[in-house]
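Counted the way my numbering counts, the sequence shown spans residues -2 to 146.
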Amino acid sequence: MSSLPKSLDTADYVVFGVLTAIGYLVGLYFSVVRRRRQGADGSGGNGAVVEAFLGGRSLPEFALTISVLGSVVNAVSVVGFLGHYYAYGFHVLWPLTSIPLAVIVTSTVLVPLLYDLRAASVFQYLRLRFDNKVGITACVVYFVLSVSD
């Protein structure tokens, strides 16, 4: 069995650069289009933040749910699932049942709750529901668990 290369090839860097450039160009295009709609000064105040991070609060709840789950089920999870299936077989069906269940619960419970409260995240909801210490503690715990994986 041949060993895998330990560094990236030129083609890998080109593909990475092209995909990164496409992402930046799409963002730049929509930023310019939004500024033209708002006016010459482009000052949106808090509206610019809401537009950038929350889609202007105009996304349908199902689309927002899929977006949230897309950011949770990241590339590391996908590679991990595939590696597990390769090593141990496809006997673990939990991801196939848990992801649709998570979509249903998130779209029917969590997203409407956050929409009604105009909260941008679960952490903001925790700060509204309890206090700032609970929200910060949840952020720190989430960060530590994310980094420790």
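By construction, the Cβ of each residue, glycine as well, lies at the ideal position given by its N, Cα and C atoms. Just so you know, these numbers come straight off a predicted model, no measurement behind them.
Around the Cβ of residue i, are there at least 16 other Cβ atoms within 10 angstroms (buried) or fewer (exposed)?
| i | result |
| --- | --- |
| Leu93 | exposed |
| Gly39 | Caution is warranted here: a pLDDT of 48 is assigned to Gly39, below 50, making its placement in the model unreliable, and no coordinate value can be reported. |
| Thr17 | exposed |
| Val76 | exposed |
| Val65 | buried |
| Ser4 | exposed |
Quick test of your reading: residue i and residue j, contact by CB under 8 Å. State the CB separation rounded to the nearest angstrom.
| i | j | result |
| --- | --- | --- |
| Leu125 | Ala117 | The Cβ separation is near 11 Å, so there is no contact. |
| Leu142 | Gly132 | That belief does not hold up - the Cβ atoms of Leu142 and Gly132 are roughly 16 Å apart, past 8 Å. |
| Thr62 | Val23 | Contact flag wrong, Cβ pair sits at about 22 Å. |
Got a sec? Which residues, its chain only, sit under 6 Å from residue i by beta carbon, not counting five neighbours each side?
| i | result |
| --- | --- |
| Leu98 | none |
| Leu25 | none |
| Val15 | none |
For residue i, tell me which candidate among the options has the shortest Cα-Cα distance.
| i | options | result |
| --- | --- | --- |
| Ile101 | Asn129, Val12 and Glu58 | Glu58 |
| Ala60 | Val12, Ala8 and Ser104 | Ser104 |
| Tyr112 | Leu56, Val15, Val12 and Arg33 | Leu56 |
| Gly67 | Ile96, Tyr83, Arg34 and Arg54 | Ile96 |
| Tyr139 | Gly80, Phe120, Asp128 and Tyr21 | Phe120 |
Within a Cβ cutoff of 8 Å, which residues of the same chain sit near residue i, ignoring the five residues on either side of it in sequence?
| i | result |
| --- | --- |
| Leu114 | Tyr122 and Leu125 |
Handout entry: Runs of beta strand (DSSP E) lying entirely within the segment 75 to 140, each at least 3 residues, in chain order
Key = none
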